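One structure is given below, encoded as structure tokens.
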Amino acid sequence: PCPDGSRHLIQLSGRWLRLADGGGSCAGRVEIFYNGTWGTVCDDGWDVSDAQVVCRQLGCGVAVSAPGAARFGPGEGPIWLDELRCSGNESHLGRCPSGGWGRHDCRHKEDAGAICSGKPQFLDLRLVSKTSPCAGRLEVLYNGTWGVVCINSMREVTAGVICRQLGCGDSGNIVTSDIYGKGSKPRWVDKIECRAGDPTLWECPSDPWNEESCSEGEEAQIECAGDSLDNDCSGRVEVWHNGTWGTVCDDSWDLRNAEVVCRQLGCGSAVAALGGAAYGPGTGPIWLDEVACRGREASLLDCPAGPRGQSDCGHKEDAAVNCSGALADELRLANGESPCEGRVELEHNGQWGTVCDSNWDTDDAAVVCRQLGCGTVVSASHGAKYGPGSGRVWVYYLFCQGEEEALWNCEGFEWNPYDQCLHTEDAGVRCSEHRHPRLVGLPRLCAGRVEVTHGDTWGTVCDSHFSLNAAAVLCRELQCGVAISVLGGAQFGEGQDRVWDEDFQCAGNESHLSFCPKQSQQNGTCNHHRDVGVVCSRFTGLRLVNGSSRCEGRVELQMVGSWGSLCADRWDLADANVLCHQLDCGFAMSAPGGAEFGEGNGKVWTETFYCSGSETNLNDCPVTVLGAPPCSHGNVAAVICTGNGTRPSPSPQCNVSTWEPAGPGGPQGGAAECTGESPLRLADGGGRCAGRVEIFYNGTWGTVCDDGWDVSDAQVVCRQLGCGVAVNAPGAARFGPGEGPVWLDELRCSGNESHLGRCPSGGWGRHDCRHKEDAGAFCSEFLDLRLVSGISPCAGRLEILYNGTWGGVCSNSMLDITAGVICRQLGCGDRGTTVTSDIYGKGSKPRWVDKIECRAGDPTLWECPSDPWNEESCSDEEEAQIECRLSIRVKGSDNDCSGRVEVWHNGTWGTVCDDSWDLRNAEVVCRQLGCGSAVAALGGAAYGPGTGPIWLDEVACRGREASLLDCPAGPRGQSDCGHKEDAAVNCPAPPQPEAPPSVHCRSPGNHGHNAVQPRLLVPPLTVLVTEPSAVTHRAASLGFRWLSTLMGRLRGVDGCWGPVLGMGGTDRTREPGLSSGI
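Under my numbering, residues 102 to 1179 are what the sequence shown spells out, in order.
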């Protein structure tokens, strides 16, 4: 019995604990051997901390997730334990508090499970192809990552072992041609030589694990003789399980189940879902009953169903399907934030293509949503809202009624062989089952309040409806690594508007929240006081290796499943101090570099941490990756901690007793020198390496006066902060006036001092200054970015300030996800696109960096991997140009230059209060919209009241700011206004010509004006552009959205392949960079 007499401890060794039915020894249902019998653990209170102990005890790495609800099937025998409350640090499950042996109120449908990272890693395998799970490229899950397998030395006996393990029959063939496509790295293992008696691939001899076991083109591809479903496209459904074929009961059998079967067979779409043994009764077991597919699963065995082999059916109830056929066409939504949103794409004759937005409406979109099992239509978008596609534009016109089962059943559907549309006109859809999460309330993108969109509406989630499994899925979907914690009680602030009543019942291994089962919980007890929050981390593990104790050694980080050493560049004692505390190892004694504890192998992470030393976790420290050079294994970080588990010692602070005269070079009587390094920071400069100089003394932050302040003084500041060298030493409160004391005046640094405390000065608090004279510093490692166009701060050529100089950025490897990170950082919305044409002009050298590859969870560009900094990273033709979804708009009128002002902030649109609203504010709005000068600044909801938050109040622009969000204003989201006080503007609308002009075309071979012939009439136009991409950007902002459609039509008009010579009227409103012809 326990000392307190109330709880029980179980003493278990690894051989009395196992994970069952999970496909390997490191995943499955948790089972314990006690009192001579194997039994299970109840999932009440079961979480990743409990699973962590199981994984450690079994030598299976760390816990990836802790599924409950009999995720690996219900067990048998006793339920031995309930209400386990492990901290996660116990050496084995026996050290965790519990409710005692056999004490529970559970059934086996509540059996707990665990998925571990592996022993050394969890293993799984699959065959990858578009047609069948029993044929394709062989891939193995190892070290948390799927990778291919090499074909060398592989024989048919190995293929047979693999096919049996996958339930795909007893034999298979090795395919020597590359019909299933090339995989990507890693290529995990080579020279697998199975023997006839090997039960699984894991028992076959092979070469050692190696990420580069072979070269491209040597990947193994296998076709099994049996398939997990029969090979025809209509008939009785049979599945292979547990070594034999069996049937499926028709209870709950519907078209969504049939859709999965047809897709799995490579037989197109389901035509009918049949019951009553329509194709005759089968024999053998009935493997599945009460199947409840959503329609998008990859395999019938992935669908929710009753326990396999348990049913109340006979073979007279065997289920069957009719599929459209093996050459059927497919449909998907691409480039959206979930499988139920995006650009409409069709596969035909093995090639994916798009749908033209001509005549595209909600009836057409409704068919897409129904066909994909995505609910009802929310919106039908035009103009390539989800980005331009590639390949063919397969469908030109559609006339759906909205009730059809498939898009190709709509009137007017035919495959378009002529490419009459451009990809700038690709159609898109958002459906009601679209679910996409975000984390809000913190500057970090990977922590905050959970908000989920339902179609077009954002809302929060109740803390009782969001488990750690759901958090794991959310973090994975946002590319934020793993879930660290789930916090209730509105820890990240209360949301607004809706609180969704959905309970996300995720298993933890789904790729999107959209794929998690959901159950409505309309109990009325949830409100914004119970909004749930989640903290994710890309850093999923941390350890010190190769030392004499756990508190010293080489620093290794695990990022999203992969371990690697940390580069020693910029690694210092402050960073090491945080690490020691995080590991409960006291504080740092030293932070040696140069591979003092060995070079290690594998990856070397180039992340640079900028800890102050007082943080409790490395996740809390600023970090940069952009431009980091490659790092060798001979230059990896290490740390030696005190190891006594004490809190880290505070950063040394200067006080009066520790300062001594600075020596002969210092002023008499008042000069002082700190024997320790005083905390120092640069404030309000947009980054850690630029801003107002502030120093912490006597328990208070204060400023430095600019009397005598020069670049030598700033040089010391930059060195002390690890920010390179001083570029400039501005005074006169260049970064705004500070607060608190003015601590130092008349500093006279030589520039060579190690910290500011060694510079002669007038002494603490002795000055004749006010805060309008606060000193500042620009250091060479201050980073900034901007979009340069002369039109809008949210579109243009991307430039970065590095080493004190603005320069261009290269576009190689840059995707829209990187554009989105940049747009968020600039306050220009959540999305952006990279522009391939040179519509914003060429910049000048330097071109600082290339191959920037941001991940969705990166909060700023500075944390995105890239090539090293280099003044000549690319040529001028490769400069990146980006267009963001603008952070401002006007609503309530029939044009884009007048209306109620709305701004995008914190992931949603909101209005502006009319308090202090004047013509200078309106001037900024009109300029930002590209609509000229302001005509009027209106209040009192002149264009109708808006909805949602009121983001800005007491706005006080000077009229020259680039964006409304750059203007002084009250705290965002805090106001004493209602929507009846929403602000508005009138900007000048684009002038119109008096009569509709003609479009003139000329033949390709004749440049004379006599060849010009009028072909068609178009709406009035005065701004004429020369590039299709420029049409999309500027024409949209001016309201001429029909122009890109016109260009697509001109291509199909005989004789209109040349440029347009004129469009009537005069070019009175042409803007910089736009020419007068197409």
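From the three backbone atoms N, C-alpha and C, an ideal C-beta is built for every residue, glycine too.
Here the structure is a predicted model, which means the values were calculated and not measured.
Secondary structure of residue i, DSSP reduced to three states
i: residue 312; result: coil
i: residue 360; result: helix
i: residue 280; result: coil
i: residue 573; result: helix
i: residue 122; result: strand
i: residue 732; result: coil
i: residue 631; result: helix
i: residue 567; result: strand
i: residue 416; result: helix
i: residue 1064; result: coil
i: residue 743; result: coil
i: residue 477; result: coil
i: residue 294; result: coil
i: residue 616; result: helix
i: residue 653; result: strand
i: residue 645; result: strand
i: residue 322; result: strand
Pair within 7 angstroms by beta-carbon distance, residue i and residue j
i: residue 830; j: residue 815; result: yes
i: residue 465; j: residue 499; result: yes
i: residue 1089; j: residue 1033; result: yes
i: residue 158; j: residue 118; result: yes
i: residue 1066; j: residue 928; result: yes
i: residue 533; j: residue 503; result: no
i: residue 908; j: residue 949; result: yes
i: residue 178; j: residue 140; result: yes
i: residue 1011; j: residue 1072; result: no
i: residue 481; j: residue 461; result: yes
i: residue 742; j: residue 686; result: yes
i: residue 739; j: residue 698; result: yes
i: residue 50; j: residue 852; result: In the structure displayed, the chain extends from 102 to 1179; residue 50 sits before or after that span and is not available.
i: residue 215; j: residue 163; result: no
Chain-order list of residues whose beta-carbon lies under 6 angstroms from that of residue i (same chain, five-residue window excluded)
i: residue 845; result: 805 and 862
i: residue 1180; result: Nothing can be reported for residue 1180: it is not among the residues displayed for the chain, which extend from 102 to 1179.
i: residue 876; result: 794, 805, 807, 810 and 832
i: residue 144; result: 169, 211 and 213
i: residue 824; result: 790, 880 and 882
i: residue 182; result: 142 and 199
i: residue 828; result: 879, 881 and 905
i: residue 386; result: 347 and 410
Beta-carbon contacts of residue i that lie in its chain and below 8 angstroms, excluding the five residues immediately before and after
i: residue 424; result: 334, 335, 359, 362, 363, 366, 368, 369, 370, 371 and 372
i: residue 1035; result: 1020, 1023, 1024, 1026, 1027, 1086, 1087 and 1088
i: residue 620; result: 603, 604 and 606
i: residue 313; result: 286, 287 and 288
i: residue 253; result: 291, 292, 315 and 319
Same chain, Cβ closer than 7 angstroms to residue i, neighbours up to 5 away in sequence not counted
i: residue 1043; result: 1085
i: residue 566; result: 603, 604, 605 and 622
i: residue 374; result: 354, 355, 356, 358, 359 and 422
i: residue 1074; result: 1050 and 1052
Return the chain-ordered ranges of every beta strand (DSSP E) run that is complete within the region 513 to 559 and spans a minimum of 3 residues. 529 to 532, 536 to 541 and 548 to 555
Segments assigned beta strand (DSSP E), at least 3 residues, entirely inside the region 149 to 211: Within the region 149 to 211, the complete beta strand (DSSP E) segments at least 3 residues long are 164 to 166 and 180 to 182, listed from N- to C-terminus.
Entirely enclosed alpha helix (DSSP H) segments - the region 790 to 848, minimum 4 residues: If we require 4 residues or more, the alpha helix (DSSP H) runs fully inside the region 790 to 848 come out as 812 to 821.
Could you tell me whether the region 876 to 885 touches the region 894 to 912, using the rule of 3 or more Cβ pairs below 8 angstroms? yes
Three or more C-beta pairs closer than 8 angstroms, one from the region 566 to 575 and one from the region 494 to 510: is that the case here? no
Between the region 910 to 929 and the region 959 to 977, can you find at least three pairs of beta-carbon atoms closer than 8 angstroms? yes
Going along the chain, which unbroken runs of the beta strand (DSSP E) with 3 or more residues stay wholly within the region 970 to 1019? 982 to 985, 989 to 992, 999 to 1006 and 1009 to 1013
Any chance you could list the beta strand (DSSP E) runs of at least 3 consecutive residues sitting entirely within the region 370 to 454, in chain order? 371 to 375, 387 to 389, 421 to 424, 431 to 436 and 442 to 449
Quick check: the region 300 to 320 against the region 335 to 351, are at least 3 beta-carbon pairs closer than 8 angstroms? no
Do the region 587 to 598 and the region 653 to 660 make contact, defined as three or more Cβ pairs closer than 8 angstroms? no
Three or more C-beta pairs below 8 angstroms linking the region 724 to 743 and the region 700 to 710: yes
Three or more C-beta pairs under 8 angstroms: does that hold for the region 346 to 356 against the region 267 to 285? The region 346 to 356, when compared against the region 267 to 285, does not touch it at the 8 angstroms Cβ threshold.
Runs of beta strand (DSSP E) lying entirely within the region 878 to 921, each at least 3 residues, in chain order: Taking 3 residues as the minimum length, the beta strand (DSSP E) runs contained wholly in the region 878 to 921 are 885 to 893, 896 to 903 and 906 to 910, in order along the chain.
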